[in-house]
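If you're matching positions, the sequence shown starts at 6 in this note's numbering and goes up one per residue. Please read the structure below before turning to the comments.
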Amino acid sequence: MQDEKFNMLNEDQKFVNQILDKRGLQIEWLAEKLNMDYKIVRYQLRDAVNYRQDFHEKVKEIFRKEGLVSSNAECTEKIKDELIDFNTVLSGTMSIVSKGIKERLPNGIDDKEKQELKGIIRNQMNRVLDEFNDLLLTIEMK
């Protein structure tokens, strides 16, 4: 499966799907290892908006037992990819916040603009926090 097919998934779902794809394994294989119904496993990996972390922990444990994520090279590559993503988000966040402030400062900031600017900053804070958490999870999984 191509990475583009994973675009709508969160990082944990992408990670599991990419490992399965890279190793030529099917969801059926994982469902059997988890001793779970195929449809439930497929939903978690392909459709779930709120991907369950307890499920993810079980999947990671199976991957470790099967030797699918034990390679230091794979771990290092995943962390490097996460750092690149993190740097991209952080750089973009600083650009968005700076632009928002620069556009509003010359003429002073009214109450509406203050609210808009605070909203921009809050959204960007959440993006950066999500990236930090993804990086922590990636490191924890290795």
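Where a beta carbon is used, it is the ideal one built from N, C-alpha and C, also for glycine. This structure is a prediction, so every number in the text was calculated from the model and none was measured.
To the nearest angstrom, report how far apart residue i and residue j are at their CA atoms.
i    : j    : result
L39  : D26  : 17 Å
E121 : T93  : 23 Å
E3   : E118 : The chain is shown from 6 up to 147; residue 3 falls before or after that span and cannot be answered.
R47  : D135 : 24 Å
S100 : N112 : 20 Å
N131 : Q58  : 19 Å
K123 : L95  : 17 Å
R28  : V74  : 11 Å
R69  : L142 : 15 Å
T98  : I45  : 36 Å
E62  : K104 : 40 Å
D139 : D116 : 35 Å
V133 : F91  : 8 Å
D52  : M41  : 16 Å
Tell me, to the nearest whole angstrom, how far the beta carbon of residue i is from that of residue j; I am working on the premise that it is less than 8 Å.
i    : j   : result
L50  : I32 : 6 Å
Y43  : D17 : 19 Å between Cβ atoms; not a contact.
V102 : I84 : Incorrect: roughly 26 Å between the Cβ atoms, too far for contact.
I67  : L30 : I67 to L30, Cβ: 11 Å. No contact.
Can you tell me whether residue i is buried or exposed? The criterion is at least 16 other CB atoms within 10 Å of its CB, across all chains shown.
i   : result
L14 : buried
K65 : buried
E87 : buried
V21 : buried
Shorter than 9 Å from the beta carbon of residue i to some beta carbon of chain B?
i    : result
L142 : This model lacks chain B altogether, as it is built from one protein chain only.
Handout entry: 4-residue-minimum alpha helix (DSSP H) runs that sit fully inside the region 39-91, ordered along the chain
Key = 43-51 and 58-70
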